[in-house]
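Visitor: In the numbering used here, the protein residues as written are 934 to 1105. Ideal Cβ positions, reconstructed from N, Cα and C, are used throughout, including at glycine.
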Amino acid sequence: SHVIVGGFSNLKTVVVDPETGAAWVGSNDLFKLDPAIANGYDVTTDTGSHEMTPFDWDPLYVGRSSANGMLWIGESSLPAVSRLEFPGGEERNRTRLPYDEPHNFGAHPQDGSVWAVDWEDYQLYHFAPAGNLMNSITTGVSGDLRPFAVGIDSGVSGLGAPQVSASASSSG
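1. Mind checking whether G940 and D962 have CB atoms under 9 angstroms apart?
2. Closest to P951 by C-alpha separation, out of S1046, V1014, G1002 and L944, would be which residue?
3. Give me, in chain order, the residues of the same chain whose beta-carbon lies closer than 7 angstroms to that of G973; leave out the 5 immediate sequence neighbours on both sides.
4. Can you tell which of A955, A1063 and D991 has the C-alpha that lies nearest to the C-alpha of P968?
5. What are the residues that DSSP puts in a beta bridge with G939?
6. Measuring only the C-alpha atoms, how far is E1008 from V1047?
7. Give the single residue among A1000, V995, S998 and V958 whose Cα lies nearest to the Cα of H983.
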(Lines of atoms letter the chains of each structure in order from A and count residues from 1; the text may use other names and numbers.)
(Lines give C-alpha, C1' and ligand atoms only; values in the text may rest on other atoms or scores of the structure.)
Protein backbone atom coordinates (compact mmCIF):
# COMPACT_ATOMS: atom_id res chain seq x y z
CA SER A 1 0.00 0.00 0.00
CA HIS A 2 1.06 3.59 -0.43
CA VAL A 3 0.30 6.92 1.20
CA ILE A 4 0.01 10.27 -0.53
CA VAL A 5 1.25 13.26 1.47
CA GLY A 6 0.80 16.77 0.09
CA GLY A 7 1.76 20.35 0.75
CA PHE A 8 5.38 20.25 -0.39
CA SER A 9 6.74 23.01 -2.59
CA ASN A 10 9.79 22.36 -4.76
CA LEU A 11 10.10 18.68 -3.81
CA LYS A 12 13.71 17.53 -4.31
CA THR A 13 14.38 14.27 -2.48
CA VAL A 14 12.94 11.56 -0.26
CA VAL A 15 14.80 8.96 1.81
CA VAL A 16 13.16 6.34 4.03
CA ASP A 17 14.80 5.19 7.25
CA PRO A 18 14.78 1.38 6.93
CA GLU A 19 14.90 0.90 10.70
CA THR A 20 12.01 3.17 11.73
CA GLY A 21 10.04 3.64 8.49
CA ALA A 22 10.17 7.43 8.89
CA ALA A 23 10.69 9.40 5.67
CA TRP A 24 12.92 12.46 5.26
CA VAL A 25 11.76 14.89 2.57
CA GLY A 26 13.78 17.79 1.14
CA SER A 27 11.46 20.50 -0.17
CA ASN A 28 12.78 24.04 0.49
CA ASP A 29 12.80 22.89 4.14
CA LEU A 30 13.54 19.46 5.63
CA PHE A 31 10.59 17.35 6.76
CA LYS A 32 10.53 14.16 8.81
CA LEU A 33 7.34 12.16 8.26
CA ASP A 34 6.02 9.68 10.83
CA PRO A 35 5.83 6.12 9.47
CA ALA A 36 2.15 5.94 10.47
CA ILE A 37 1.20 9.13 8.58
CA ALA A 38 -2.34 9.05 7.16
CA ASN A 39 -3.17 9.03 3.48
CA GLY A 40 -4.09 12.54 2.34
CA TYR A 41 -2.07 14.25 5.09
CA ASP A 42 -0.96 17.79 4.17
CA VAL A 43 2.17 19.25 5.78
CA THR A 44 0.86 22.80 5.36
CA THR A 45 -2.41 22.25 7.26
CA ASP A 46 -2.20 19.02 9.28
CA THR A 47 -0.22 18.48 12.49
CA GLY A 48 1.02 15.58 14.58
CA SER A 49 2.64 13.35 11.95
CA HIS A 50 5.55 15.46 10.75
CA GLU A 51 8.41 17.62 11.97
CA MET A 52 9.89 20.45 9.94
CA THR A 53 13.39 21.87 10.14
CA PRO A 54 13.39 25.25 8.36
CA PHE A 55 16.44 26.09 6.27
CA ASP A 56 17.60 29.15 4.39
CA TRP A 57 18.99 26.89 1.67
CA ASP A 58 17.62 24.27 -0.65
CA PRO A 59 18.07 20.62 0.49
CA LEU A 60 18.88 18.97 -2.84
CA TYR A 61 19.69 15.43 -1.64
CA VAL A 62 19.29 13.60 1.64
CA GLY A 63 21.15 10.46 2.75
CA ARG A 64 21.10 8.56 6.02
CA SER A 65 23.80 6.42 7.61
CA SER A 66 22.39 3.30 9.25
CA ALA A 67 25.67 2.86 11.15
CA ASN A 68 25.19 5.95 13.29
CA GLY A 69 21.85 7.56 12.39
CA MET A 70 23.46 10.65 10.85
CA LEU A 71 21.48 12.48 8.21
CA TRP A 72 23.51 14.04 5.38
CA ILE A 73 22.07 16.84 3.26
CA GLY A 74 23.41 18.25 0.00
CA GLU A 75 22.60 21.93 -0.20
CA SER A 76 22.32 23.46 -3.63
CA SER A 77 22.03 27.12 -2.61
CA LEU A 78 25.21 27.43 -0.50
CA PRO A 79 26.47 24.90 -1.89
CA ALA A 80 27.59 22.59 0.91
CA VAL A 81 27.09 19.30 2.71
CA SER A 82 25.47 19.32 6.12
CA ARG A 83 25.62 16.55 8.67
CA LEU A 84 22.74 16.41 11.12
CA GLU A 85 22.59 14.16 14.17
CA PHE A 86 19.19 13.03 15.28
CA PRO A 87 19.64 10.80 18.34
CA GLY A 88 16.11 10.34 19.58
CA GLY A 89 14.84 12.46 16.71
CA GLU A 90 16.42 15.66 17.95
CA GLU A 91 18.74 17.86 15.90
CA ARG A 92 22.14 18.05 17.57
CA ASN A 93 24.72 19.29 15.09
CA ARG A 94 25.04 20.85 11.67
CA THR A 95 28.38 21.03 9.87
CA ARG A 96 28.61 22.89 6.59
CA LEU A 97 31.32 21.61 4.29
CA PRO A 98 31.56 23.63 1.08
CA TYR A 99 31.88 22.03 -2.31
CA ASP A 100 30.38 22.79 -5.68
CA GLU A 101 27.16 20.91 -6.51
CA PRO A 102 26.07 18.00 -4.29
CA HIS A 103 24.08 15.41 -6.21
CA ASN A 104 23.92 12.16 -4.29
CA PHE A 105 25.19 10.31 -1.21
CA GLY A 106 26.27 6.78 -0.37
CA ALA A 107 26.52 6.01 3.34
CA HIS A 108 28.87 3.27 4.52
CA PRO A 109 26.67 0.90 6.56
CA GLN A 110 29.40 -0.11 8.99
CA ASP A 111 31.62 2.89 9.73
CA GLY A 112 29.13 5.75 9.13
CA SER A 113 31.30 7.58 6.61
CA VAL A 114 29.65 9.07 3.54
CA TRP A 115 30.64 9.39 -0.13
CA ALA A 116 29.17 12.42 -1.90
CA VAL A 117 28.95 13.08 -5.64
CA ASP A 118 29.85 16.52 -7.00
CA TRP A 119 28.45 16.71 -10.55
CA GLU A 120 29.91 20.11 -11.43
CA ASP A 121 33.47 19.44 -10.20
CA TYR A 122 33.75 15.82 -11.43
CA GLN A 123 34.52 14.72 -7.86
CA LEU A 124 33.65 12.06 -5.32
CA TYR A 125 34.15 13.26 -1.74
CA HIS A 126 34.60 10.96 1.25
CA PHE A 127 33.48 12.40 4.62
CA ALA A 128 34.22 10.91 8.04
CA PRO A 129 31.28 10.30 10.39
CA ALA A 130 32.28 13.47 12.27
CA GLY A 131 31.85 15.52 9.08
CA ASN A 132 35.46 16.21 8.11
CA LEU A 133 36.59 15.62 4.52
CA MET A 134 38.89 12.56 4.37
CA ASN A 135 39.50 12.16 0.64
CA SER A 136 38.41 13.25 -2.82
CA ILE A 137 38.68 11.53 -6.19
CA THR A 138 38.56 13.34 -9.54
CA THR A 139 36.43 11.37 -12.00
CA GLY A 140 37.24 13.32 -15.17
CA VAL A 141 37.62 16.71 -16.80
CA SER A 142 35.22 18.95 -18.69
CA GLY A 143 33.53 16.95 -21.43
CA ASP A 144 34.16 13.59 -19.73
CA LEU A 145 31.77 11.50 -17.71
CA ARG A 146 30.25 13.24 -14.71
CA PRO A 147 29.39 11.26 -11.57
CA PHE A 148 25.72 11.39 -10.59
CA ALA A 149 25.22 8.49 -8.16
CA VAL A 150 27.30 6.56 -5.67
CA GLY A 151 26.60 3.26 -3.93
CA ILE A 152 28.27 1.23 -1.21
CA ASP A 153 28.45 -2.57 -1.32
CA SER A 154 28.41 -3.46 2.36
CA GLY A 155 30.21 -6.74 1.80
CA VAL A 156 27.02 -8.73 2.50
CA SER A 157 26.84 -9.72 -1.17
CA GLY A 158 29.97 -11.80 -0.75
CA LEU A 159 32.29 -9.32 -2.47
CA GLY A 160 34.34 -8.87 0.68
CA ALA A 161 35.03 -5.48 2.24
CA PRO A 162 32.71 -2.56 1.42
CA GLN A 163 33.34 -1.18 -2.07
CA VAL A 164 32.42 2.22 -3.52
CA SER A 165 31.03 2.46 -7.04
CA ALA A 166 29.93 5.54 -8.93
CA SER A 167 27.64 5.89 -11.93
CA ALA A 168 28.35 8.57 -14.51
CA SER A 169 26.82 10.20 -17.54
CA SER A 170 28.17 12.21 -20.45
CA SER A 171 28.33 15.93 -19.77
CA GLY A 172 27.97 16.84 -23.42
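Guide: According to the structure shown:
1. As a position in the sequence shown, residue 940 is number 7, starting the count at 1. As a position in the sequence shown, residue 962 is number 29, starting the count at 1. No, these two residues do not count as a Cβ contact at 9 angstroms.
2. As a working note, residue 951 is residue 18 in the sequence shown. Ranking the options by Cα distance to P951, first place goes to G1002.
3. Sequence index remark: in the sequence shown, residue 973 carries index 40 (1-based). Within the same chain, G973 has close Cβ partners I937.
4. Here residue 968 is taken as the residue at index 35 of the sequence shown, counted from 1. Comparing Cα positions, the closest option is A955.
5. Here the question's residue 939 lines up with position 6 in the sequence shown. D975.
6. As a position in the sequence shown, residue 1008 is number 75, starting the count at 1. As a position in the sequence shown, residue 1047 is number 114, starting the count at 1. When rounded, the distance between both Cα atoms is 15 angstroms.
7. In the sequence shown, counting from the first residue as 1, residue 983 sits at position 50. Of A1000, V995, S998 and V958, the residue nearest in Cα terms is V958.
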